[in-house]
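For the sequence shown, position 68 (counting from the first letter as 1) is numbered 89 according to my numbering, and the numbering increases by one without interruption.
Every residue gets a Cβ at the ideal spot worked out from N, C-alpha and C, and that includes glycine.
Everything on this sheet refers to the single structure shown next.
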Amino acid sequence: MSYPNTAIWFVEATSPNGDRSEGSAVAIRLKRQGDQEVPRTYLLTCAHVVRGTSKDRKPGFGPVLSQLRVWAPDTGYNDAQAKTAKIVMKIKPNLTLEEVIQAERSNASDDWVVLEIDDPQASTAAPAVREWADSDLTGDFRIYGYPGGTLSFSQGMVNPTRTPDSFSYRDEFQGVVRLLGDGTRPGISGGGVFRKDDEKFVGIHRAREDDTLRLNAVSVRTIRQRLEEQGYLVVNSPSRPPAPAAMPGMSPAVKNDVIRFNEKFVQRREQFRYLSGFKQLHEGLHNLQAKREAISQAAERFKQDPNNPFEIENIGEDLIEDYKAAVRSTALLEDPSDAGWVEAYGLAVSALRNAVTERDLNALSSIVEVLRALPNQQAGLNAELVRCAKRLKPLELVNLMDVILAGLNPDEGFMPTFIAEFRDRLNRFRTLCDNLSVLIKDHDCCQRVETSLAQAETVANVVPALVPGWDMVKADLQGLALRRPTDTLANRIVQLAASFESTAGLSPQVPKPIGNIFALLIERFRRFFLTLDEELLDVTNSLVQEAGILDAQLRTATQVN
């Protein structure tokens with residue numbers, strides 16, 4: 022996606038009572054005067070975009086809507102990609118949150134607000150306006166935004182569009198740039214107005230309807246002046262990263278190491294996205310597992326009293342929401358068919374609703390069984406999660422981070438807050454990568470042991486010689502216990518394996534509880550394997566979260582926008 026589209030976000034404002042508004046926003050970079058922190062990315066949009074309908078039924082003049090969500094360009098229009106936002110009241114301290122009075126509705130130059138993105142990665146490193154126009158606002162202009170709002174999204178993707186025609190400068194009057202030409206469509210309010218020849222940012226388009234406020238843009242000069250009055254400075258965002266340069270706490274050599282690490286990190290971004298998808302799906306199945314007994318009990322009570330469907334209907338509504346969340350999660354996967362059970366989940370949820378509506382008690386029983394069996398898919402999800410984790414090659418990242426951390430010396434002169442935070446974040450991420458590497462090794466051991474034990478599980482009068490690869494099983498179990506010296510379960514499994522082996526060597530005249538020992542060995546081992554999978558899921562969850570924050574800091578450290 023090319024600039025300026027990369028700086029155009031979609032905004033959706035809603036309230037609990039059902040009021041809704043939508044529009045466009047422009048990503049801008051600001052910093053506080055006298056603040057040594059790195060500039061941050063904010064969203065500039067029209068104030069009426071985040072307001073509801075007034076009492077006299079005028080859209081955009083009602084109270085500020087309480088729930089703001091934003092989507093970056095070139096992302097999916099779904100809950101997983103949405104980010105929450107809030108109005109920066111420090112920039113407009115006199116902004117009323119209530120309905121706009123009649124006397125203030127014609128004040129076009131005040132129709133703007135700045136939104137803070139509640140996401141560390143986006144607020145630190147999202148692409149923003151490259152250059153604000155200064156004194157000269159003449160020329161031809163194009164408007165970038167989302168005409169038609171959500172109806173303009175192709176295949177569910179948030180992709181901004183540019184007006185096909187350019188518009189000529191008419192004049193600037195009372196903080197508003199007026200252009201010559203026909204009006205634009207709803208949804209593009211808050212969109213960016215850029216000069217055609219040099220792509221300098223001129224203002225935000227404030228058209229609300231085709232026949233009103235058309236081709237008026239709040240001037241960047243007015244906005245910039247108001248920002249400076251509140252202590253905020255506009256920072257232009259470079260189109261290309263400059264060559265590595267020294268910065269306090271980071272030498273050029275270390276910065277080169279950071280750039281090399283960033284290149285490796287960027288190659289893994291997709292894998293982090295896949296991991297996030299599998300993690301969310303795993304949580305969904307875990308939630309369904311927790312609801313299994315409630316589903317069965319509600320179904321039984323409904324069978325006894327078909328005229329009282331309230332309980333089973335409530336559970337059905339919850340399952341519908343869970344299914345929708347699972348569908349959104351599959352969009353994050355490399356191949357949605359890796360979670361093929363989601364389709365079966367949807368069919369079962371739909372069939373549950375129909376069975377309750379039609380009082381089909383026979384169908385209800387089979388549907389409940391399907392829902393109860395779905396959590397068994399967690400094992401397959403864990404396998405896919407481990408596959409993605411291996412693709413990250415965490416040890417390679419650890420080695421690169423060790424080099425960087427050795428060069429970030431806080432004792433060499435003044436160390437900005439950013440460098441301190443970057444060092445801390447890098448340390449956290451390194452620890453997680455190290456833990457992930459160990460857990461992957463342990464998981465591979467467990468998978469080999471599980472394969473061998475499962476093959477002997479149904480063997481009558483089982484002895485070690487009948488367990489495929491028994492010597493390997495012993496070695497893997499001992500290795501797990503050595504790497505986890507404080508894990509009582511891991512050590513207990515080693516003891517059971519030894520007991521299983523020693524009992525098999527007893528004389529034929531001695532009673533042998535060997536079958537019971539083997540069954541106990543399998544039961545304890547599988548409990549350990551499940552615990553290991555939970556640890557792996559926890560580390561993956563933390564790793565995905567830390568990766569998002571580190572990604573933002575890497576963009577700043579390498580001056581990539």
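Alpha carbon of residue i to alpha carbon of residue j, nearest angstrom
i	j	result
arginine 53	alanine 46	21 Å
arginine 403	leucine 392	The identity of residue 403 in the sequence shown is asparagine, whereas the question assumes arginine. Distance between the alpha carbons of asparagine 403 and leucine 392 is about 19 Å.
threonine 105	histidine 69	18 Å
phenylalanine 450	leucine 542	36 Å
histidine 307	glutamine 399	8 Å
arginine 281	valine 419	13 Å
alanine 540	serine 297	36 Å
proline 506	arginine 513	11 Å
alanine 124	leucine 86	21 Å
isoleucine 122	aspartate 131	13 Å
leucine 557	glycine 490	26 Å
glutamine 318	glycine 305	20 Å
proline 325	leucine 368	With the sequence shown as reference, residue 325 is identified as glutamine, and proline is not the correct amino acid for it. Straight-line Cα distance between these residues: approximately 25 Å.
glycine 39	glycine 83	13 Å
asparagine 180	serine 187	20 Å
leucine 426	alanine 441	11 Å
serine 156	arginine 242	8 Å
threonine 171	asparagine 99	11 Å
threonine 552	glutamate 417	26 Å
valine 256	threonine 62	10 Å
leucine 249	serine 127	The sequence given here places glutamate at residue 249; leucine does not occur at that position. The straight-line gap from Cα to Cα measures roughly 24 Å.
histidine 303	alanine 347	9 Å
glutamine 530	alanine 475	Note on glutamine 530: pLDDT 46, under 50, position unreliable in the model; no value is reported.
asparagine 448	serine 350	29 Å
glutamate 284	arginine 290	10 Å
glutamine 288	glutamate 220	30 Å
asparagine 58	glycine 196	First, the residue type needs correcting, since residue 58 is glutamate and not asparagine in the sequence shown. So the alpha carbons of these two residues sit roughly 31 Å apart.
threonine 96	valine 135	21 Å
glutamine 7	cysteine 466	Any property of residue 7 remains undetermined from this structure, which presents the chain solely from 22 to 582.
Span of the beta strand (DSSP E), counted from its first residue to its last, around residue i
i	result
isoleucine 138	134 to 138
histidine 226	222 to 226
isoleucine 108	104 to 108
proline 330	Counting along the chain, proline 330 falls outside any beta strand (DSSP E), and DSSP gives it neither H nor E.
threonine 66	61 to 66
glycine 428	Taken as a continuous stretch (DSSP letters only), glycine 428 belongs to no beta strand (DSSP E), being part of the alpha helix (DSSP H) at 415 to 428.
asparagine 26	Where asparagine 26 is concerned, there is no enclosing beta strand (DSSP E), given that its DSSP letter is neither H nor E.
threonine 590	Residue 590 lies beyond the residue range present for the chain, which begins at 22 and ends at 582; the question has no answer from this structure.
valine 407	Unbroken run through valine 407 is the alpha helix (DSSP H), 399 to 412; no beta strand (DSSP E).
arginine 53	41 to 53
arginine 72	72 to 74
valine 239	237 to 240
tyrosine 253	253 to 256
leucine 89	88 to 92
Burial state of residue i, where buried means 16 or more other Cβ atoms lie within 10 Å
i	result
asparagine 397	exposed
isoleucine 112	buried
proline 148	buried
asparagine 115	exposed
phenylalanine 194	exposed
aspartate 554	buried
leucine 564	buried
threonine 472	exposed
alanine 603	Outside the shown range of the chain, which is 22 to 582, sits residue 603, and nothing can be said about it.
proline 66	Before going further, note that residue 66 is threonine rather than proline in the sequence given. Buried, by the Cβ-count rule.
lysine 276	buried
alanine 394	exposed
Rounded distance between the beta-carbons of residue j and residue i, thought under 8 Å
i	j	result
tyrosine 167	phenylalanine 331	So it is not a contact: roughly 41 Å between Cβ atoms.
arginine 216	glycine 160	5 Å
leucine 510	arginine 545	7 Å
isoleucine 209	isoleucine 138	Rounded, the Cβ-Cβ distance is 21 Å, inconsistent with contact.
alanine 477	valine 483	5 Å
valine 363	isoleucine 341	About 13 Å; that fails the 8 Å criterion.
valine 494	leucine 487	Between leucine 487 and valine 494 the Cβ distance is about 12 Å, and since that is not below 8 Å, they are no contact.
leucine 353	alanine 143	The Cβ separation is near 17 Å, so there is no contact.
serine 272	glycine 81	Contact doesn't hold; Cβ gap of about 52 Å is too wide.
isoleucine 316	valine 377	Not really, about 12 Å apart at Cβ, beyond 8 Å.
proline 89	alanine 34	A small correction: the amino acid at residue 89 is leucine; proline does not occupy that position in the sequence shown. Sure, about 5 Å apart at Cβ, within 8 Å.
Residue range of the unbroken alpha helix (DSSP H) whose run includes residue i
i	result
leucine 385	382 to 394
isoleucine 514	509 to 525
isoleucine 280	273 to 288
glutamate 119	First-last for glutamate 119: undefined, no H or E at that position.
Residue i beta carbon near the ligand SAM (any heavy atom closer than 7 Å)
i	result
valine 484	Absence of the ligand SAM is noted for the structure shown, with no ligands found whatsoever.
In chain order, what are the residue ranges of uninterrupted alpha helix (DSSP H) at least 4 long that sit wholly in the segment 431 to 504?
Within the segment 431 to 504, the complete alpha helix (DSSP H) runs of at least 4 residues are 438 to 477, 491 to 504.
3-residue-minimum beta strand (DSSP E) runs that sit fully inside the segment 152 to 198, ordered along the chain:
Segments of the beta strand (DSSP E) lying fully in the segment 152 to 198: 161 to 166, 188 to 194.
Going along the chain, which unbroken runs of the alpha helix (DSSP H) with 4 or more residues stay wholly within the segment 304 to 367?
The segment 304 to 367 is shown to contain whole alpha helix (DSSP H) runs of 4 or more residues at 313 to 325, 331 to 351, in chain order.
Within the segment 537 to 580, note down every full alpha helix (DSSP H) run reaching 4 residues or more, in order along the chain.
Those alpha helix (DSSP H) runs which fall completely within the segment 537 to 580 and span 4+ residues do not exist here.
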